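Q: Quick note: this note's numbering has the sequence shown finishing at residue 737, numbered continuously throughout. Note that CB positions come from ideal geometry on N, CA and C, so glycine has one too. Everything numeric in this text was worked out from a predicted model, so none of it was measured.
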Amino acid sequence: MFDTHAHYDDALFDGDREYLLKDLFGAKGVTNIITVGCDIATSQKAISLSESYEQNYAAVGLHP
Numbered sequence: 674m675f676d677t678h679a680h681y682d683d684a685l686f687d688g689d690r691e692y693l694l695k696d697l698f699g700a701k702g703v704t705n706i707i708t709v710g711c712d713i714a715t716s717q718k719a720i721s722l723s724e725s726y727e728q729n730y731a732a733v734g735l736h737p
């Protein structure tokens, strides 16, 4: 399964992001994730996640 639109960079996941992503990539069967940035700050976080997890890709953008 490929999650094509995610916001795991959101502060809501700060407490358990690592556990969540390991579970998604492991037991839940997710093979890849695209973390979507909608401004400069979230785009930078998406890039950071893509650098930390090889199965995670960043989509960089600016939403009006």
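(1) Three-state secondary structure (DSSP) at Asp-740?
(2) On a Cα-Cα basis, can you pick out the residue from Glu-691, Ile-707, Arg-690, Asp-683 that is closest to Phe-675?
(3) Taking only the alpha-carbon atoms, compute the straight-line gap between Tyr-681 and Arg-690 and give it to the nearest angstrom.
(4) Counting along the chain, where does the alpha helix (DSSP H) carrying Gly-714 start and finish?
(5) Report buried or exposed for Leu-735, applying the criterion of at least 16 other Cβ atoms within 10 angstroms of its Cβ.
(6) So, helix, strand or coil for Ala-732, using DSSP?
A: Straight from the coordinates:
(1) Here the chain has residues from 674 to 737 only, and residue 740 is not among them.
(2) By alpha-carbon distance to Phe-675, the top candidate from Glu-691, Ile-707, Arg-690, Asp-683 is Ile-707.
(3) Rounded to the nearest angstrom, the gap between the Cα atoms of Tyr-681 and Arg-690 is 7 Å.
(4) Looking at the sequence itself, residue 714 is Ala, so the reference to Gly does not match. Taken as a continuous stretch (DSSP letters only), the alpha helix (DSSP H) holding Ala-714 covers 713 to 725.
(5) It counts as exposed.
(6) In this structure, Ala-732 counts as strand in the three-state DSSP scheme.
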